[in-house]
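>
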Amino acid sequence: AGKNAKFKQLLVIGIGGSDLGARALQSIFEAKLKGVEILFLGDTPDPVELKRVCKQIDWKHCAINPVSKSGNTVEPLSTFFYTRKLLIKAVGKAKHAKHVFVTTQDQPSLFKELVDQHGYTLIPHPQTIGGRWTVLSIVGLFSAAASGIDTSLLKKGAQAFYLNAKKNKANPAMLHAALHYLGIQQGQSLGVLMPYGSNLESF
């Protein structure tokens, strides 16, 4: 979608990790985004939010990316059915399939059935990665690339951090886990991660 000039917007429809990771990337790299405008729906069934976001969409130049690992998640499915009606109204039933890119596992499900029935583009969701961990897989990187984020550089940075963490026992992730564990031992089960950069609020 990011390389296709006819798309000026990409609507990501997901919930939980399939939504939050992509949102965080958009927030973190906000100042550098020069690609397709990314919009989000599906994390809430709130009809006010649904209508607010849909009013911002130019359906003739918008692609839709429903995301569900199982392919049966109720919230993304219901939101997709609603937005698909608006898309079809704008571009026609015959052409609407070219605007839909479904991210789900390549196995039987309601979303996979829709892909097969209507000829939507399937973006295979990695089966071995849970939704909340998929931000650096195609799940999060599809919308990131469309918006102009250098996903190759992003992955190199993540790999460098991972390799450094393996070498050093006192890496930030390990330190956070140790402090959280010690807190639980003292009866403190709630931890707060407080980033002071506004771009890290979604993170």
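Residue numbers (my numbering): 142 to 344.
Note that beta-carbon positions come from the ideal geometry of N, C-alpha and C, so glycine has one too.
How is Glu342 classed by DSSP in three states: helix, strand or coil?
coil
> With DSSP collapsed to three states, give me the class of Lys144.
Since pLDDT at Lys144 reaches only 48, below the 50 mark, its modelled position is unreliable, and no value is offered.
> Apart from the five residues on each side of it in sequence, which residues of its chain come closer than 8 Å, Cβ to Cβ, to Gly250?
A small fix is needed here, since residue 250 is Ser in this sequence, not Gly. Excluding residues within five positions, the ones whose Cβ falls inside 8 Å are Ser209, Ser211, Gly212, Asn213.
> Which one or two residues does DSSP pair with Pro265 in a beta bridge?
Thr245
> Suppose the cutoff is 8 Å on Cβ atoms and the five residues either side in sequence are ignored; what does the same chain contact list for Ser343 look like?
Result list for Ser343: Leu161, Arg164, Ala165, Gln167, Ser168, Ile169, in chain order.
> Short of 8 Å in beta carbon distance, which residues of its chain neighbour Lys173, apart from the five on each side in sequence? Order them along the chain.
Leaving aside the five residues that flank Lys173 on each side, the residues in its chain whose CB is nearer than 8 Å to its CB run, in chain order, Gly289, Ile290.
> Could you say which of Glu190, Asp199, Pro188 lies nearest to Leu151 if we only look at CA atoms?
Asp199
> Counting Cβ pairs closer than 8 Å, one from the stretch 241-248 and one from the stretch 188-197, do we hit at least three?
No, the stretch 241-248 does not touch the stretch 188-197.
> One question on the structure: do Val243 and Leu263 come within less than 8 Å of each other, judged by their Cβ atoms?
yes
> Between which residues of its own chain and Glu171 is the CB-CB distance below 8 Å, once the five residues before and five after are set aside?
Asn340
> Tell me, which residues are paired with Ala181 by DSSP?
The sequence as given places Phe at residue 181; Ala does not occur at that position. The partner list for Phe181 (beta bridge, DSSP) reads Val153.
> On the three-state DSSP scale, how would you describe Asn305?
helix
> Have a look at Ile325 and Pro336 and give me their C-alpha separation to the nearest angstrom.
Looking at the two C-alpha atoms, the distance is approximately 22 Å.
> Report back the beta-carbon spacing between Val177 and Phe148 to the nearest angstrom; my notes put them in contact at under 8 Å.
The C-beta separation of Val177 from Phe148 comes to about 6 Å, placing the pair in contact by the 8 Å criterion.
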